[in-house]
Each structure stands twice: as structure tokens, then as C-alpha cells.
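Chemist: Have a look at this one.
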Amino acid sequence: MLISTSRKPSSKTRAFCKNLSHALGTDYINRGKMSMRELQLKSADMGSKSIALVYEMKGNPSKITFFSNVGEELLVIMGSVNTTKQHLHIKTVELSFTSEVPELDVLKDIFPIVKYNNLNNGSSKESNNNSSKSNNYNNSKNYNNYNNPNKSDKENNNFLANNSMKNHIHIEKIDDYFDDEVDDFNKKIAAIRFYNRDGEDTGLKINIRKFIVK
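Residue numbers for the sequence shown, in the working numbering: -6 to 207.
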């Protein structure tokens, strides 16, 4: 996946793009005067299969649109981001993925994921993005214990964080839309979190207010 921005990105947008490229082990380039078609050709030349274009509002990253190399919109995410100045220490060749939001499972095919674990049925399989047997480690036993109906949501999330989050991307479902104390613009339905080689939250986060799956 190739990451790029609007033509004149702010320092915050550039920082987020660099964080995201380090988290995923993907390329990031400044768009400059390149047209969308030129970006598609650049992505193909670099061996990428898709493009993540980061847009901003008042200098803050506010939307990410994922395109195929032929210009097809795959997914649009609207919201905000948290960045970090710390080294991420993510082994990108061992990236795994889980999601509490089934509609966002599409990201497993956009991000360079090695291992995808289905939280809905506890199954675990190797992603189509990487068929290397050397990277085919198995956390399915831990995920089968996730979503235990006898535990609270907090207990289940803590179990997942403590047992299965090394070099991991997790989409957490959030119920802000039912919280009257949160103003409408800041309400979130999900958050994408990135965990390092030690299973620690890196601080890099994509807060999702709305998404559109194409």
C-alpha cells in the first residue's frame, strides 16, 4: 500500500503518514503536483496494490480514502488520529489483524496483514496478502477465548490486549453514539489501534466517526 496526502499537507498530517507507514511497513510519498492517475502509476511501479490518501481539515488528518491502483474507491474513513513521536517497534512482517466491526474486515485485504483472526467465529487464517509459511504463527487459541459471554466487554478487551496483541492491528468497537455526554462531532464508532512487538499500545490510533465501504 502506498500512502500519500493532499497536495500541501500540514506537519500533523505528515507525522501521521510517517507513523502509519512505519506501522505497516509501507511506502509514504509527498504528493506534490502528482495527479491521482500519476499516484496510481507510482503505486504500481513500487509494487503496491492500493493507495491510502490522507485528507485534512484545519491542518488535522480527518479522512482516509483507500483506492485500488485502477482508481476504484475501496473504503472511506472519517474521524481523527492520534500520533506518536516514539519508535513503534512493530515487526511488520508479522502483522496480524482483528476487528470488532465486521464491516471493517475489508482492511485485512488493504493493509499488509499476515494473519487475520475472525472474532465473530473464533477462526484464524493466513491473509491473502502474504502466503509465507514462515510467518504463519497461530494465535487462534487466544482468540477462541475472546468474546467470552461470561465476561464483561472490559474483561474481554483486557484479555485480548494481554494475550494476542504482538505486532497487531485491532479495530475496537466504541459506543460513543449512545453517550449523551459526548458532543456529536467527537462521537466515535470505532478506533484502530496498533500494538508493537511486545504487545504494547504504540499510541498511534485512528478514531473512526464514520466509514463508507464501497
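In this text, a Cβ means the ideal position worked out from N, Cα and C, and glycines have one as well.
Small disclaimer: the values here were computed from a predicted structure and weren't measured.
(1) Quick one: which unbroken alpha helix (DSSP H) runs of 4-plus residues sit fully inside the segment 34 to 119? Chain order, please.
(2) Residue range of the beta strand (DSSP E) that Thr195 falls in?
(3) In whole angstroms, what is the alpha-carbon distance linking Ile164 and Ser89?
(4) Indicate whether the contact test is met: 3 or more Cβ pairs, each with one atom in the segment -5 to 3 and one in the segment 37 to 49, closer than 8 Å.
(5) Measure the alpha-carbon distance for Arg202 versus Met39 and round it to whole angstroms.
(6) In whole angstroms, what is the alpha-carbon distance linking Asn135 and Thr195?
(7) Give me the Cα-Cα distance between Val99 and Asn12, rounded to the nearest whole angstrom.
(8) Return the CA-CA distance between Ser61 and Ile103, expressed in angstroms with no decimal places.
(9) Figure out for me which residue from Gln33, His15, Phe9, Phe204 has the closest Cα to the Cα of Leu81.
(10) Given this structure, state the Cα-to-Cα distance separating Thr58 from Tyr188, to the nearest angstrom.
Modeler: Here's the rundown:
(1) 100 to 103
(2) 194 to 206
(3) 12 Å
(4) yes
(5) 31 Å
(6) Residue placement at Asn135 is poorly supported in this model, since its pLDDT is 39, which falls under 50; the coordinates still yield a value, given next. In a straight line, the C-alpha of Asn135 is about 21 Å away from that of Thr195.
(7) 21 Å
(8) 9 Å
(9) His15
(10) 23 Å
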